[in-house]
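Novice: Using the working numbering, you'd call the opening residue of the sequence shown number 284 and step up by one each time.
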Amino acid sequence: MTIRCIAFDLDDTLWECHSVIDRAERYLYQQLQRYCPSITQYYSYEAFIQSRGYFSQAHPELKYNMTQMRLNWLRELLNEHGYPTEPLAQQLFHTFWLERNKVSLFPNVLEQLAALRLHYPLGVITNGNADVHHIGIGYLFNFTLSSAEASAAKPDSSIFRQALALANVEAHEMVYVGDDPERDIRGASEAGLRTIWFNPQGHAGLTGLNPDAVMTNFAELTQLIKVL
284 MTIRCIAFDL DDTLWECHSV IDRAERYLYQ QLQRYCPSIT QYYSYEAFIQ SRGYFSQAHP
344 ELKYNMTQMR LNWLRELLNE HGYPTEPLAQ QLFHTFWLER NKVSLFPNVL EQLAALRLHY
404 PLGVITNGNA DVHHIGIGYL FNFTLSSAEA SAAKPDSSIF RQALALANVE AHEMVYVGDD
464 PERDIRGASE AGLRTIWFNP QGHAGLTGLN PDAVMTNFAE LTQLIKVL
């Protein structure tokens with residue numbers, strides 16, 4: 284079967300995410316210490332992070348829109364402690380977002396993307412709010428689709444169907460590369476896409492999970508595409 288498009292997850296697929304988010308959240312907390320000290324006097328850093336988790340759990344309708352979730356959470360914090368919500372919430376979120384987009388690509392990612400784009404349209408399907416254009420690699424991709432734009436989050440088949448429409452290809456003509464067994468691989472597989480599981484740590488798969496290929500290093504990608 285002919286491959287006509289390759290799409291990618293971002294966080295923990297093209298770069299490591301946990302340390303990026305941790306750094307961005309610590310920077311946000313520092314900004315609150317500076318501009319909204321009563322919040323950080325009330326919340327330790329750990330309690331601050333917990334409050335974001337509680338807010339997210341209380342608002343499942345925002346699970347596909349991380350930007351709106353964080354903005355609403357910041358507005359609630361500001362309001363509870365007597366600070367004006369606007370434009371402060373937007374400004375605070377922007378400081379977080381700038382730090383959140385300071386990423387370091389995994390080895391061989393840039394080289395593999397540059398090589399693949401000579402032969403295939405490339406795309407992004409992400410549940411996050413990283414911006415490949417701000418990061419500086421947007422030129423490599425023909426389309427990007429976030430869960431906020433799709434109003435659906437992986438593993439929901441809807442986001443994959445919308446990506447297929449953007450790429451103007453059939454499901455069996457798109458390969459999706461991602462790290463998360465459930466959201467990326469099972470989600471894409473159930474939508475009919477072919478899948479490559481990026482599994483650098485060699486984790487065990489999920490029951491019934493059958494990716495078309497598994498890679499532990501991005502250097503393997505172009506060769507795997509050739510044999511799919």
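Beta carbons: idealized from backbone N, C-alpha and C, even for Gly. Given the structure is predicted, the values throughout are model-derived calculations rather than measurements.
Who are the Cβ neighbours of L371 in its own chain at under 7 Å, not counting the five residues just before and after it?
Specialist: Excluding residues within five positions, the ones whose Cβ falls inside 7 Å are L361.
Novice: Mind the definition here: the segment 487–496 touches the segment 378–393 only if three or more C-beta pairs lie below 8 Å; say whether that holds.
Specialist: Taking 8 Å as the limit for Cβ pairs, the verdict is that the segment 378–393 does not touch the segment 487–496.
Novice: Considering only DSSP beta bridges, list what Y459 is partnered with.
Specialist: DSSP output for Y459 lists A290 and T478 as bridge partner(s).
Novice: For S472, collect the residues of the same chain with a Cβ closer than 6 Å to its Cβ; drop the 5 residues on either side in sequence, then sort them by chain order.
Specialist: Excluding residues within five positions, the ones whose Cβ falls inside 6 Å are T478.
Novice: Should the segment 313–328 be called in touch with the segment 401–421, which here means at least 3 C-beta pairs below 8 Å?
Specialist: Counting Cβ pairs under 8 Å, fewer than three are found: no touch.
Novice: Straight-line CA distance for A397 to D292?
Specialist: When rounded, the distance between both Cα atoms is 16 Å.
Novice: Mind checking which residues open and close the beta strand (DSSP E) that includes T427?
Specialist: Where T427 is concerned, the enclosing beta strand (DSSP E) stretches over F426 to S429.
Novice: Rounded to whole angstroms, what's the CA-CA distance from R466 to S429? Just pull it up for me.
Specialist: Going from the Cα of R466 to the Cα of S429 covers about 13 Å.
Novice: Taking all protein chains shown into account, do 16 or more other C-beta atoms lie within 10 angstroms of the C-beta of V510, making it buried, or fewer, making it exposed?
Specialist: Classification for V510: exposed.
Novice: Closest by CA to W298, which one among N500, L399 and L507?
Specialist: Ranking the options by Cα distance to W298, first place goes to N500.
Novice: Let me make sure I understand the geometry here. Which of E503, K346 and Q484 has the alpha-carbon closest to that of P464?
Specialist: Answer by Cα proximity: Q484.
Novice: Can you tell me whether R306 is buried or exposed, with buried defined as 16 or more other CB within 10 angstroms of its CB?
Specialist: Per the 10 Å Cβ criterion, exposed.
Novice: Check whether the segment 397–407 touches the segment 336–349, counting contact only when three or more Cβ pairs, one atom from each stretch, lie closer than 8 Å.
Specialist: Touching, no.
Novice: For P494, which option in Y459, Q506 and G419 has the closest C-alpha, if you only look at C-alpha atoms?
Specialist: Closest by alpha carbon: Y459.
Novice: How many angstroms separate the CA atom of R287 from the CA atom of M457?
Specialist: Distance between the alpha carbons of R287 and M457 is about 6 Å.
Novice: List the endpoints of the continuous beta strand (DSSP E) containing L405.
Specialist: Element bounds for L405: L405 to T409.
Novice: Short check: CB of D439 to CB of T296, under 7 Å?
Specialist: No.
Novice: Exposed or buried, A330, counting other C-beta atoms within 10 Å across all chains shown (16 or more means buried)?
Specialist: With fewer than 16 Cβ atoms within 10 Å of its Cβ, A330 is classed as exposed.
Novice: Kindly indicate which three-state DSSP category V452 falls into: helix, strand or coil?
Specialist: Three-state DSSP puts V452 in coil, outside helix and strand.
Novice: Could you give the first and the last residue of the continuous beta strand (DSSP E) run that contains V497?
Specialist: V497 -> beta strand (DSSP E) spans A496 to M498.
Novice: If you reduce the DSSP assignment to three classes, tell me which class L492 lands in.
Specialist: Of the three classes helix, strand and coil, the one that applies to L492 here is coil, per DSSP.
Novice: Where in the segment 305–384 do unbroken runs of the alpha helix (DSSP H), each at least 4 residues long, occur, reported from the N-terminal end onward?
Specialist: Complete alpha helix (DSSP H) runs here, min 4: 320–325, 328–341, 349–363 and 371–383.
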